[in-house]
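K.L.:
Take a look at this one; I'll ask things after.
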Amino acid sequence: MKYRELGNTGEQLSAVGLGCMGMNHGYGTFDDKESIATLNLALDLGITFWDTADVYANGLNEELLARVLAPNRDKVFIATKFGFRQRDSNDAFPGTAGSLFDGSPAYLKTAVEKSLKRLNIDTIDLYYAHRIDPNVPVEDMVGAMAELVKQGKVRYLGLSEASAASIRKAHAVHPIAALQSEYSLLTRDVEAEILPVCRELGISLVPFSPLSRGLMTNTLNVDELAGNDFRKTLPRFGEAYKENNRQLANAFAALALQKNCSPAQLAIAWVLAQGDDIIPIPGTKKTKYLRENAASVDVVLSADDLQGIQNVIDKYPDTGMRYAEGAMKLVNN
Numbered sequence: 012m013k014y015r016e017l018g019n020t021g022e023q024l025s026a027v028g029l030g031c032m033g034m035n036h037g038y039g040t041f042d043d044k045e046s047i048a049t050l051n052l053a054l055d056l057g058i059t060f061w062d063t064a065d066v067y068a069n070g071l072n073e074e075l076l077a078r079v080l081a082p083n084r085d086k087v088f089i090a091t092k093f094g095f096r097q098r099d100s101n102d103a104f105p106g107t108a109g110s111l112f113d114g115s116p117a118y119l120k121t122a123v124e125k126s127l128k129r130l131n132i133d134t135i136d137l138y139y140a141h142r143i144d145p146n147v148p149v150e151d152m153v154g155a156m157a158e159l160v161k162q163g164k165v166r167y168l169g170l171s172e173a174s175a176a177s178i179r180k181a182h183a184v185h186p187i188a189a190l191q192s193e194y195s196l197l198t199r200d201v202e203a204e205i206l207p208v209c210r211e212l213g214i215s216l217v218p219f220s221p222l223s224r225g226l227m228t229n230t231l232n233v234d235e236l237a238g239n240d241f242r243k244t245l246p247r248f249g250e251a252y253k254e255n256n257r258q259l260a261n262a263f264a265a266l267a268l269q270k271n272c273s274p275a276q277l278a279i280a281w282v283l284a285q286g287d288d289i290i291p292i293p294g295t296k297k298t299k300y301l302r303e304n305a306a307s308v309d310v311v312l313s314a315d316d317l318q319g320i321q322n323v324i325d326k327y328p329d330t331g332m333r334y335a336e337g338a339m340k341l342v343n344n
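Residue numbers (my numbering): 12 to 344.
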């Protein structure tokens with residue numbers, strides 16, 4: 012594994028992290044035994060940067076990670092997030108009608124204690140606000156988060172899906188180490204304004220869904236998604252874009268074959284090639300995919316490779332929105 016610095020903290024994290032949401036939330040069927048094996052393999056592969064959130068499986072994701080995290084605390088840099096709350100204790104996906112967002116200092120105080128208890132640790136390495144609450148000044152939210160650092164409950168602060176303006180306001184209150192946002196070959200909103208601001212301020216970008224939620228792996232059959240797979244609610248996986256995205260995935264897989272790597276490895280390598288200040292966290296719940304993702308750090312892309320990839324993306328532009336309208340309202344505030 013290769014390593015990259017988190018912001019200007021001096022903290023060295025695995026260049027490819029591990030997104031843990033799908034282990035028991037959002038993506039069809041779950042297997043705790045396989046997830047635990049995946050977490051243990053991450054340790055063996057040197058994947059030290061793990062990501063979760065209190066809303067994933069309504070807290071059960073944090074509890075699952077704790078089974079491997081707690082006895083290996085010195086080997087893992089753990090990130091979790093707060094802000095999304097479930098209505099009526101449902102296991103709803105963030106941004107849907109079954110959830111709401113609460114970035115208030117009062118809620119933060121209870122959320123962090125619950126996360127610490129579920130994770131079975133004394134300190135969270137990186138604590139993100141999962142979104143920006145339009146009803147709470149970002150300065151107030153980050154000020155309350157900064158108090159957690161003073162109390163030793165949190166080491167570093169992060170934001171998720173925040174606008175450039177909110178990032179600046181937050182960073183003026185307390186240093187922000189990382190911004191987590193969706194970033195992939197098909198989702199590049201951050202490139203225009205947000206990524207430049209992060210670079211100006213010395214903030215790492217932590218892309219989630221660098222594989223476009225499996226689309227770029229060329230192994231996903233949209234018609235076979237389980238009924239509880241939240242991708243069925245996303246426009247990008249709808250009927251209107253299915254043929255375009257199938258052809259795109261096939262063409263991209265042909266490029267990967269030329270590079271003697273898998274499509275997943277090529278997609279992650281593209282994200283890694285966008286800058287040393289970028290630390291993607293592809294999600295998986297299976298050991299075979301974790302091994303595959305980890306090996307993406309060894310895929311070297313030339314200028315010609317990058318141009319070839321761009322040519323394929325340009326040929327199939329109609330990929331669909333990454334979120335439905337309700338969820339998009341919570342992005343880039």
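Quick reminder that beta carbons are idealized off the backbone N, C-alpha and C, glycines included. Quick caveat, the model's predicted, so the values are computed rather than measured.
So for residue 253, helix, strand or coil by DSSP?
P.N.:
helix
K.L.:
Tell me whether the stretch 15-34 and the stretch 57-76 touch, counting them as touching only if at least three CB pairs, one residue from each stretch, are closer than 8 Å.
P.N.:
Judged by Cβ distances under 8 Å, the stretch 15-34 makes contact with the stretch 57-76, as three or more pairs qualify.
K.L.:
Using CA atoms only, rank isn't needed, just tell me which of 86, 238, 42 is closest to residue 56.
P.N.:
Checked all of 86, 238, 42; the closest Cα to residue 56 is 86.
K.L.:
From residue 198 to residue 223, what does the alpha carbon distance come to, in whole angstroms?
P.N.:
C-alpha of residue 198 to C-alpha of residue 223: approximately 8 Å in a straight line.
K.L.:
Per DSSP, residue 193 forms a beta bridge with which residues?
P.N.:
219
K.L.:
Report the option in 120, 326, 330, 17 whose CA atom is closest to the CA atom of residue 226.
P.N.:
330
K.L.:
Would you say residue 344 and residue 143 are within 8 Å of each other, going by their C-beta atoms?
P.N.:
In this structure, residue 143 lies closer than 8 Å to residue 344 by Cβ.
K.L.:
Would the beta-carbon of residue 177 fall within 8 Å of that of residue 218?
P.N.:
Taking 8 Å as the cut-off, the beta carbon of residue 177 is found no closer than this to the beta carbon of residue 218.
K.L.:
With distance defined between alpha-carbon atoms, name the residue in 220, 228, 166 nearest to residue 291.
P.N.:
220
K.L.:
Between which two residues does the alpha helix (DSSP H) containing residue 300 stretch?
P.N.:
Per DSSP, the unbroken alpha helix (DSSP H) holding residue 300 starts and ends at 298-305.
K.L.:
Below 6 Å CB to CB, which residues in the same chain sit around residue 71 once its five sequence neighbours on both sides are set aside?
P.N.:
Cβ neighbours of residue 71 within its own chain (closer than 6 Å, five residues either side excluded): 35.
K.L.:
May I ask you to list the residues that DSSP assigns as paired with residue 25?
P.N.:
14
K.L.:
To the nearest angstrom, how far is the alpha carbon of residue 274 from that of residue 184?
P.N.:
41 Å
K.L.:
Are the beta-carbon atoms of residue 241 and residue 37 separated by less than 8 Å?
P.N.:
yes
K.L.:
Given a cut-off of 8 Å on the beta-carbon distance, is the pair residue 261 and residue 229 in contact?
P.N.:
In this structure, residue 261 sits near residue 229, with a CB-CB distance shorter than 8 Å.
K.L.:
Across which residues does DSSP place residue 169 in a beta bridge pair?
P.N.:
139, 189
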